[in-house]
Amino acid sequence: MKTAGDVPIPDHSFEAERNQYHSTKILKELVRGAPPDSLKVLGVIEKDLCIPILTFVYGEAQLNGIGALVSLARLRQEFYGAQPDDDIFRERLHKEALHELGHTFGLIHCSLVECLMYLSNTILDVDRKGRAFCRHCQRALNSKIEPGRVSKWTGR
Amino acid sequence: MDRKVNILVVDDEEIVRDSLSSWLIDDGYEVAAAENGTKALEIFPSREWDLCLVDLKMPGIDGIQLMEEFKRQVPDQLVIIMTAFATVDTAVKAMKEGAYDYMVKPFNPEDLSITIRKIIEHQKLVRENIFLRKELKKQYRLHDMISKNHKILEIFDLVRTVAKSNSTVLIQGESGTGKELLARAIHEESLRREAPFISVSCASLTETLLESELFGYEKGAFTGADSLKRGKLELAQDGTLFLDEIGDISLKLQMDLLRVLEQKEFRRVGGSGLITITSRILAATNRDLKKAIEEGKFRNDLFYRLNVISIHLPPLRERKEDVPLLVEHFIDRFNIEMDKKVEGVSDGAMRVLMEHDWPGNARELRNVIERAMVVAKDTRISEADISLPASRKEGTNGKSLGDIEKDHILRILVENRWNIIRSAQVLGIDRVTLYNKIKKYELKKEVGA
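Quick note, the sequences are listed as chains A and B, same order. Under my numbering, the first residue of the first sequence is numbered 5, with each subsequent residue one higher. Under my numbering, the first residue of the second sequence is numbered 585, with each subsequent residue one higher.
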């Protein structure tokens, strides 16, 4: 894993009417600027993100692609009028970053509330879910990372 | 495993289509997208869509028009209208035109999730409901017969049991109660189902004709017998011979039939060779055979020979709970035959149908529904579409003797399916008198009756 430097936010991603940034446009730039040998690239941004059809998103990723993006704006306690709390903030970032990276490995949303791949529509959803993938998502993830391991897991 | 949920997204803005589609794909749905109404209508017939998300304002076919077209093709299609312009008028219009919901772009992610999950749950319940109704109907059904009356359900059970045997079955019941349908059901449930089911209406033939119809004749047996003719008894070999209106056959034929049943052999008219019977005999009558025996019109020994297994079909007025079930059954059937889309009957129409006495039983109900479906202008049969003959409970106040006679003759004719011989017998008059009265009162057989 490598931590890259700052990447400029493309001007055309700013949605003036909504005072938010279009995550898909930023994600495209992020992937275009990624080193050629990157397996996955995760962008972290302070700005509040949206897509045209939704009022906001915590992040966005390319399903089976390499790029993932997470916004910090709605993960901070301050956004909800509460006192800052670094532990809660880190916990949320951990979950959302892994969730978006999960999409890049082809994982779709999971119906289990405790799974990292559960769709978070509210900050309560983010807080409620666990720090790990459920058994099924973990198995699907393993099959992408180490295809040979699945046969051992399933025994078939 | 549950099948994938199919969602069709229709929006002229590429960016909206793409972002909504990818959000839905991430959530595990099967998604197809179309950029306009024309393209959407091309894609639409390719699968069963659980939900269509349609943009309101699009060039060409707009969202409401597109939804109408979807619903014309699939009346229960669930559609959510999306718009960037929130106005009460368009929202009301969309809902009035049958949209399941109306959403203003951009959506709150939680609202979108909840709405879609609600729809999926709703769809699942609808499918479960349809499945359960079908399963329930199966229990109420025996081939072409349908009932939830406990007596009839017991008969269905009995039929399933006796069908496997070769015993003679005597089915009794008023006209129109489904005696022939039951006989066919016995045949279909039996091991003889691949062999022919031959039905003979004994009341419609004279004694001589019935004899040659049943036994057949050899060439030259009588004037006009210029070739060999096999009788129904022979044609039904290995299958089932159904003798309808057995109570109407002459005493001579009763004797012949008794001999055939006892000896399991017969000769063609004018023939000498014996033919062995391998068919099963089922018989039916709407007459009270015990009374006919007392009156010397029916042979006691033939009755006991036929009555090995006795089934009495109750009239429809004694099982009114079957009226709604039969109405639905006949509507389904005539919708196919007439290529119509009648959905049911109004509460008022059902009340009229439930109050009627049904002297002609299920057959009369079938005719009434058939007629109503021909005249109905709406997708629901109304009270005005229902045409019923005068009820037997109807009062006679203010009616002339002629009116009462006319009503009575018509009722007897309907009850006896316009069989002139039988109707004349019931009325206690000869055939010529009955013909004269039909002419005098200008009585006409209804189409389908």
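Cβ atoms here follow ideal geometry from the backbone N, Cα and C, with glycine treated the same way.
Pair within 9 Å by beta-carbon distance, residue i and residue j
i, j, result
"I49 of chain A", "T28 of chain A", "no"
"G621 of chain B", "L650 of chain B", "yes"
"D596 of chain B", "M666 of chain B", "no"
"I1041 of chain B", "T699 of chain B", "No answer is possible for residue 1041 of chain B: the residues shown for chain B start at 585 and end at 1033."
"L120 of chain A", "H103 of chain A", "yes"
"G855 of chain B", "A787 of chain B", "no"
"A618 of chain B", "I627 of chain B", "yes"
"Y84 of chain A", "V74 of chain A", "no"
"L817 of chain B", "G800 of chain B", "yes"
"Y1019 of chain B", "K990 of chain B", "no"
"N1000 of chain B", "V1010 of chain B", "yes"
"A933 of chain B", "D906 of chain B", "no"
"G47 of chain A", "L34 of chain A", "yes"
"V743 of chain B", "E773 of chain B", "yes"
"I739 of chain B", "L897 of chain B", "yes"
"I993 of chain B", "K1029 of chain B", "no"
For residue i, three-class secondary structure by DSSP
i, result
"K680 of chain B", "helix"
"D10 of chain A", "coil"
"E614 of chain B", "strand"
"E978 of chain B", "Its pLDDT being 49, under 50, E978 of chain B is placed unreliably by the model, and nothing is read from it."
"L825 of chain B", "strand"
"G63 of chain A", "strand"
"I1022 of chain B", "helix"
"C138 of chain A", "coil"
"T792 of chain B", "helix"
"Y25 of chain A", "strand"
"N68 of chain A", "coil"
"M121 of chain A", "coil"
"R601 of chain B", "helix"
"L734 of chain B", "Inspection of the sequence shows that residue 734 of chain B is occupied by His rather than by Leu. Of the three classes helix, strand and coil, the one that applies to H734 of chain B here is helix, per DSSP."
"L873 of chain B", "helix"
"V753 of chain B", "strand"
"R864 of chain B", "strand"
"D595 of chain B", "coil"
"F914 of chain B", "helix"
"Y84 of chain A", "helix"
"S774 of chain B", "coil"
"T761 of chain B", "coil"
"Y888 of chain B", "helix"
Cβ neighbour criterion (16 or more within 10 Å) applied to residue i
i, result
"F715 of chain B", "exposed"
"I755 of chain B", "buried"
"Q661 of chain B", "buried"
"G1032 of chain B", "At G1032 of chain B the pLDDT is 45, less than 50, meaning the model places this residue with poor confidence; the figure from the coordinates comes in the next sentence. Label assigned to G1032 of chain B: exposed."
"T792 of chain B", "exposed"
"E82 of chain A", "exposed"
"T98 of chain A", "With the sequence shown as reference, residue 98 of chain A is identified as His, and Thr is not the correct amino acid for it. By the 10 Å Cβ count, H98 of chain A comes out exposed."
"S530 of chain B", "No answer is possible for residue 530 of chain B: it lies beyond the span of chain B, which begins at 585 and ends at 1033."
"R947 of chain B", "buried"
"R903 of chain B", "buried"
"L835 of chain B", "exposed"
"F109 of chain A", "buried"
"G71 of chain A", "buried"
"E978 of chain B", "Because the pLDDT of E978 of chain B is 49, which lies under 50, any placement of that residue in the model is unreliable, and the number read from its coordinates should be weighed accordingly. Its Cβ having fewer than 16 others within 10 Å, E978 of chain B is exposed."
"T761 of chain B", "buried"
"K133 of chain A", "buried"
Residue of the options minimising C-alpha distance to residue i
i, options, result
"E927 of chain B", "B:D962, B:F628, B:M729", "B:D962"
"A65 of chain A", "A:L76, A:K133, A:E100", "A:E100"
"R917 of chain B", "B:M729, B:I599, B:K874", "B:M729"
"S894 of chain B", "B:E619, B:V746, B:G644", "B:V746"
"L845 of chain B", "B:L793, B:F887, B:R903, B:E719", "B:F887"
"V589 of chain B", "B:V615, B:S606, B:I599", "B:V615"
"K748 of chain B", "B:G880, B:R864, B:L726", "B:R864"
"R711 of chain B", "B:F654, B:N692, B:E632", "B:E632"
"L58 of chain A", "B:V600, B:L909, B:D673", "B:V600"
"P690 of chain B", "A:L76, A:Q24, A:C141", "A:Q24"
"C636 of chain B", "B:D685, B:S606, B:F669", "B:D685"
"L720 of chain B", "B:L909, B:L1027, B:R1006", "B:L909"
"D129 of chain A", "A:A77, A:A38, A:R96", "A:R96"
"S751 of chain B", "B:A820, B:H734, B:Q847, B:V892", "B:V892"
Contact list for residue i against chain E, beta-carbon separation under 9 Å
i, result
"F691 of chain B", "Going by chain labels, chain E is absent from the structure shown, which instead holds the protein chains A and B."
Legend entry - Three-pair Cβ contact test at 8 Å for the stretch 895-915 of chain B versus the stretch 779-790 of chain B: In this structure the stretch 895-915 of chain B does not touch the stretch 779-790 of chain B; the number of beta carbon pairs closer than 8 Å is below three.
Legend entry - Inter-stretch contact (C-beta, 8 Å, three-pair minimum) for the stretch 814-828 of chain B and the stretch 867-875 of chain B: Because the criterion of three Cβ pairs below 8 Å is met, the stretch 814-828 of chain B and the stretch 867-875 of chain B touch.
Inset, instruction - Taking 8 Å as the threshold, find out whether the stretch 766-777 of chain B comes into contact with the stretch 795-814 of chain B through three or more Cβ pairs. - result: The answer is no - the stretch 795-814 of chain B does not touch the stretch 766-777 of chain B, with fewer than three Cβ pairs under 8 Å.
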